[in-house]
Structures are given as C-alpha cells and as structure tokens.
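In what follows, a single structure is set out as structure tokens and then discussed.
Protein chains: 2
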Amino acid sequence: MKIRIGIFGYGNLGRGVESAIRQNPDMELVAVFTRRDPSTLKINTEGVIVAHADDVAEYKDKIDVMILCGGSATDLPVQTPQLAQLFNVVDSFDTHAKIPEHFENVDNAARMGEKIAVISVGWDPGMFSLTRLYSQAVLPEGENYTFWGKGVSQGHSDAIRRIDGVLDAKQYTIPVDSALEAVRSGSCPNLTTREKHQRECFVVASEDADKALIEKQIKEMPNYFADYDTTVHFISAEELKRDHSGIPHGGFVFRTGKTGFNKENNHVIEYSLKLDSNPEFTSSVIVAYARAVYRMNNSGDCGCKTVLDIAPSMLSIKTPEELRKELL
Amino acid sequence: MKIRIGIFGYGNLGRGVESAIRQNPDMELVAVFTRRDPSTLKINTEGVIVAHADDVAEYKDKIDVMILCGGSATDLPVQTPQLAQLFNVVDSFDTHAKIPEHFENVDNAARMGEKIAVISVGWDPGMFSLTRLYSQAVLPEGENYTFWGKGVSQGHSDAIRRIDGVLDAKQYTIPVDSALEAVRSGSCPNLTTREKHQRECFVVASEDADKALIEKQIKEMPNYFADYDTTVHFISAEELKRDHSGIPHGGFVFRTGKTGFNKENNHVIEYSLKLDSNPEFTSSVIVAYARAVYRMNNSGDCGCKTVLDIAPSMLSIKTPEELRKELL
Chain X
512 MKIRIGIFGY GNLGRGVESA IRQNPDMELV AVFTRRDPST LKINTEGVIV
562 AHADDVAEYK DKIDVMILCG GSATDLPVQT PQLAQLFNVV DSFDTHAKIP
612 EHFENVDNAA RMGEKIAVIS VGWDPGMFSL TRLYSQAVLP EGENYTFWGK
662 GVSQGHSDAI RRIDGVLDAK QYTIPVDSAL EAVRSGSCPN LTTREKHQRE
712 CFVVASEDAD KALIEKQIKE MPNYFADYDT TVHFISAEEL KRDHSGIPHG
762 GFVFRTGKTG FNKENNHVIE YSLKLDSNPE FTSSVIVAYA RAVYRMNNSG
812 DCGCKTVLDI APSMLSIKTP EELRKELL
Chain B
512 MKIRIGIFGY GNLGRGVESA IRQNPDMELV AVFTRRDPST LKINTEGVIV
562 AHADDVAEYK DKIDVMILCG GSATDLPVQT PQLAQLFNVV DSFDTHAKIP
612 EHFENVDNAA RMGEKIAVIS VGWDPGMFSL TRLYSQAVLP EGENYTFWGK
662 GVSQGHSDAI RRIDGVLDAK QYTIPVDSAL EAVRSGSCPN LTTREKHQRE
712 CFVVASEDAD KALIEKQIKE MPNYFADYDT TVHFISAEEL KRDHSGIPHG
762 GFVFRTGKTG FNKENNHVIE YSLKLDSNPE FTSSVIVAYA RAVYRMNNSG
812 DCGCKTVLDI APSMLSIKTP EELRKELL
C-alpha cells in the first residue's frame, strides 16, 4: 500500500513534486488541485485526477499527505491552516520572520483535525536550518554563517522587471569568494552585507530605453541592490532565453567554533548545495518529509512540526535496520 | 537543575568530554570513573569525584547520563551493555561492521534498565551518517561519497610503530584533490581506493635502522598501505613532537543526484569537517547527544538509539520556540 499524495497548486514547485514522487517507489500521486479550470490543466502523469481547489474536502479519505505548492506571501498563510484540518500536510513556507505566527496557526488547525503538518520544508528553511542546529549544538561557542548562491532570486528579478523600459530580467545572487575563504579559515570575520554577496543582473531593455538610467535605478534600489556591489548586463531577449532560463540556486552554511580547556582548538563545519533546479530540489526535500508526516500520523501523533522536530530516519524509505547497517 | 554527567574512562576522549561539558551551562560533571587507582588520577575539574570503575553502581541515582569513553575494540562491547542497565548512556562505538550486533546487545540491556542508550555518536559514525541519510532521502537517485582527512589515523600510525627499527610514527590520511573535484563536478566517478586517498607517514627511526627497508615495509603493508600512494618521511623525535603532536582530522561527505522528468537536473550536496582535535570534536557531539538522552528518558522512552533516530531539536539547549525563531 503506497502513500497517497495530493498536490495543491501546480506551478514550478507542484511539477517538481510530481517529478520527485516518481523517484520514491513507496508513494503515488493521486490528485492535483488547482484554482484554474481543471479541464485546462495538463499535467505530466497519466491517470491522475485534476480537481478544482474548491472540491478538495471530497478527497479527505483518498489522500494521505497533501503537499502545498503555493506561495508564502498570500497562499500558504491561508491554505496550510485550512488544509491541515483535513489532511496531513507539508508546506515550504519561507518567510523566516513570520514562521512563529504561521506555526501557531497551523498547529491549532492540525490538532483540531488530528493531523500532522510540517511547515517550512525545503533547503532554507530546511536543510540549511538542520545544519545550523546540529552545528550549533555540537559547537556551542562559535559563529554561524549562511551564504546564498550562486542562484536566481525571483524577488530581485521581479523588482528589476518593474522598472520602466525593462522588458525582462534575471538576477543572480553570488557569494563573494574572499568572504567564503575568510569564514573557511576559521578567522570568524565580521562581514557586511556588501562583503558577503554580490548581485549580477541580466536585463532586456526596450529599444528606446535609457540604459544608463535603468542601470542607475537598479544599483540604487534600496533593500534590493543599494547595499551590494551590483553588475548590470544588457542582453537581448534571445540571449536571456538561451543562457538564463534555468532556476539554479544553492549556498553555504558554516559553523566555526572552538573547543578545549583553553579554547585552543578550532573546528570548521561546512555544508553546501549546488542545485541545477531550485524548485525541483525543494520538492525533493518536501517529498521525503511527506513520508515522515505519514509515519508520524500513523503512530498517533498530531500538530505542527518543523524539520527540527523530526528524527532523520523517518525520512528514509529504508528500515531502521538497513540504515544502521548501510549508512551509520 | 543541571544534567548530571559521569565520564567512564579518562583518556583523550574523556578529557574532551570534561572540556565540552564546560561549554554547556545546563550540564555538570559529577564523577569520573577509571580502572586505574583513582588516587593517581589527576583531572582538570575541581570538586569532581574520581571513583573506581568497579564502584560505578553506587552512583546509579547520582548520574543522569554516563558517557563511555573507552575503545571500540574491547571496552565498549562489554561496558555499554553493562552500564546501560544502570544509566542512560552515550558511546562512540565506531566499528561500522559490528554496529548491528552492538545495537542488539545494548538495546536489550537498556530496555531491562528502562534507560536510553545512544551508540556510535561522533562524526563518522555520527555527523557524517546524518548527512548520508538526509542526502539520500532527498536525492533518492544518486551516489554517496565519503572521504576522510586530512587527519591522523591512529591505527595506521600504530602499524608503522610495530616495524623493527621504528621508534615512533604518525600517519596522515589525505583525500586526493582531483578525486574531490571529480565528485564535486557531479560526474559520479568510479574511484578506486588509490584514487580516493593518499597516505603520508612521518617516521622516527633508530640510528642503526635500515631506512630503505622500513620504507619498503610500510609501502607494501597489506590493507594498511599497499593499496595507496604512500609517502614516507624520516624525521627526528624532536621534529615529530614539534610538528606532529596534534590529533587533527576531518573529511567530506558528498551526495550527487538527479531530478526532473528526464533526470535533466544535477544537484551536489557537500558536507565537510576540518577539525583541529578529533577527540574534542567527537566529545562535543557526544555531549550534545547526552542532552537528548536525558530528555528522551525523562519523557518515558527507553532502549537503544542512534543519531538517526533522534530529532535534531533534542540536541539543543534552546527551546523549540527559540529554535523556530532563530535558526529555522
């Protein structure tokens, strides 16, 4: 008997989940829910129901885990609490500052429904959070550093697209090599925003646009670019499509710390990700946590959890015996 | 009320645990147990009892978690099951092939005593095992690679010391850079033993020794050196003491995997450790798991566990609320 999965929302993340389910033989995709007209939605898996989001309650007993693939800004704050009353759910809520509030709302809903909800699953929050926690716990006296990139920032790309005369744009966040090296050396540097990351922008401008003005507007944009060293390249729509249509991302988490009676020994923990597809990797993490959610609810637990609360072995298709023998 | 810790065995690891406890304000060291005459043992913390190993049962109600600091070859297979009947325990059993057998023995003992035992805690097994599990779970189609070093291998150093004419020796295991790069590129190389690691030996020979013969004996030693590119340096006892008295170690765990409907996207997960002191870092991991052990037993659980079975949040001195707010 396979774990029956539902996908709620069919964008990049939803397609990533659909694809990831195929790599997990103990799972099957049962239905995809959309706010569009279901008859217009073409999905990649044959024999799977496409239903309207409004009809989701009808699937209460047909789906073991519902994976929410909406956005953190407006979708998930509403959808996750609603659906956690009916289903075990996993979401990728990534507005760090609002996690405590989201957790409370989802926890109340999941307890009412006697379901398990796991929020903020992915790589940051997600795998990076795990690394931060483990490394702080084992090296209590030290410093944490997180770097993002090289990767595409959707929010920054959107901000450029809103400038007059810009037809399309893609922005890459890039960690500064010298900052990575300084952290890696164990010297515990104090790094400014500008010293940690740089930003590279590829912009398609309209024919009559004032490129110098666009570049100035980008570089001086508060919050988004003003605090960074930013490079702007003007390219054609064809070049943008050919060279910049991927959604790569990644990053680094470091912990440097000291041990010993006289703090004489230094240690460096480094975790990094290089991802060809940000949404597909995020989806892959989510699908592994769907397995954990299913198991935890089957064992009688309920309420909201995060990756920090879930034992690693719950994620694996392997038995505890296999894990001890093969992986430990 | 602090978590009361006992240390069973006072070598490098025991001293590391003693030092690590000072970095964890919710813990206190209560007693150190030794098989030597306790009156001859000088420890680094004032006011702590030094007792004979034979008297350990008298401390049953005075210690919350006993940390076993003996060796995996002969100490832990006997001591961990014995002590798990009386105390919550943590050990660093690292003979990978014998973990399933050790687990069974310790599990039976801990259930009899209604205690929690966590075995095989450290960095490999330990932090590396966690990385292998998480990364396999999120990238089911891919390859795992583990590299060790640069670091001192005690077993290989000992093997050199047993050669006629050798007064002292230190052996470093070193990952081969080109192998690391090949793995990092995502090309999934098949690597032989020789391609993955090299070995560097610093040897103090007696005055009349045949150095050429010693070098030949090292390089041709089956299992230990014959399958590796090995470099041998003859140095003085003073140089060995001055330049090679540390116990550094470290290593790398990689997972490379593919996602997408056509497996078109590659992902690379890399975790690495650079440790000035192998025993102190191992001790620091153990002490974090002592906290988890204490909490799990307080919540009524018992039996043998590994790092794979324990939720990350159990390791941290911070509350779940703090963790969600600060780390997630």
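Residue numbers (our numbering), protein chains in the order written: chain X, 512 to 839; chain B, 512 to 839.
Where is the CB? At the ideal position from N, CA and C, for every residue including glycine.
Treat the numbers as computed from the prediction; the structure is a model and nothing was measured.
Identification of residues in the stretch 816–827 of chain X having a C-beta nearer than 7 Å to some C-beta of chain B yields THR817, LEU819, ASP820, ILE821, ALA822, PRO823, SER824, LEU826, SER827, given in sequence order. Residue pairing for VAL561 of chain X: DSSP places it in a beta bridge opposite X:VAL543. A Cβ-Cβ separation of about 11 Å leaves ILE574 of chain X out of contact with MET538 of chain X under the 8 Å criterion. Residue environment for ALA723 of chain X: exposed (fewer than 16 other C-beta atoms within 10 angstroms of its C-beta). Chain X has a Cβ within less than 7 Å of the Cβ of ALA799 of chain B. Taking a Cβ-Cβ cut-off of 9 Å, the neighbours of GLY771 of chain X in chain B comprise GLY527, SER530, ASP787, SER788, GLU791, given in sequence order.
Under the Cβ criterion of 7 Å, ASN523 of chain X is not counted among the residues facing chain B. With a threshold of 16 other beta carbon atoms within 10 Å, PRO536 of chain B falls short and is exposed. Residue contact with chain X for TYR782 of chain B: present (Cβ-Cβ distance below 7 Å to some residue of chain X). The alpha-carbon of GLN593 of chain X is positioned some 7 Å away from that of ALA620 of chain X. Per the DSSP secondary-structure output, ILE578 of chain B pairs in a beta bridge with B:ILE518, B:VAL601.
In summary, ASP565 of chain B is exposed, with fewer than 16 beta-carbon neighbours lying within 10 Å of its beta-carbon over all protein chains present.
The Cβ atoms of ASN655 of chain X and ARG766 of chain X lie closer than 7 Å to each other. Between SER631 of chain X and TYR782 of chain B, the alpha-carbon positions lie close to 22 Å from each other. For the pair of segments examined, the stretch 602–610 of chain X was found not to touch the stretch 803–816 of chain X: the number of CB pairs separated by less than 8 Å stays below three. Taking ALA542 of chain B as the centre and dropping the five residues before and after it, the same chain places the C-beta of GLY517, ILE518, VAL559, ILE560, VAL561, ALA562, TYR570, LYS573, ILE574 closer than 8 Å to its C-beta, in chain order.
Scanning its chain for C-beta atoms nearer than 7 Å, with the 5 sequence neighbours on each side dropped, one finds around VAL687 of chain B the residues GLU706, LYS707, HIS708, GLN709, in chain order. Secondary structure of HIS667 of chain B (DSSP, three-state): helix. When the five nearest sequence neighbours on each side are left out, no beta carbon in the same chain lies closer than 8 Å to the beta carbon of ARG753 of chain B. Of the other Cβ atoms in all chains shown, fewer than 16 fall within 10 Å of the Cβ of ALA737 of chain B; this residue is therefore exposed. With a contact defined as Cβ atoms closer than 8 Å, ALA648 of chain X and LEU826 of chain B qualify at about 4 Å. Take MET732 of chain B, set aside five residues on each side of it, and the residues of its chain with a beta-carbon closer than 8 Å to its own are ALA670, in chain order.
Straight-line measurement puts the Cα of ILE514 of chain B at about 12 Å from the Cα of ASN808 of chain B. Using a Cβ-Cβ cut-off of 7 Å, ILE758 of chain X does not count as an interface residue toward chain B, since no Cβ of chain B sits closer than that to its own. Cβ-Cβ distances below 6 Å link GLY525 of chain X to ILE518, CYS580 in the same chain, with the five nearest sequence neighbours on each side left out; the list follows chain order. When secondary structure is reduced to three states using DSSP, GLY653 of chain B falls in the strand class.
For the C-beta of SER603 of chain B, not a single chain X residue is nearer than 9 Å; the gap to the nearest is close to 12 Å.
Taking the C-beta atoms as reference points, SER603 of chain X is found nearer than 7 Å to GLY633 of chain X. Contact annotation for ASN776 of chain B against chain X: ASP787, SER788, GLU791 [CB-CB distance below 7 Å, chain order].
Of all residues in the stretch 652–666 of chain X, only GLU652 come within less than 8 Å of chain B when Cβ atoms are compared, listed by chain position. Residues of the stretch 708–738 of chain X with a C-beta atom less than 7 Å from some C-beta of chain B do not occur. Assignment of beta-bridge partners to GLN709 of chain X by DSSP yields X:ILE685, X:ASP740. DSSP, read as helix, strand or coil, puts GLY697 of chain X in coil.
The criterion of a C-beta distance shorter than 7 Å is satisfied by ILE725 of chain X and GLY676 of chain X.
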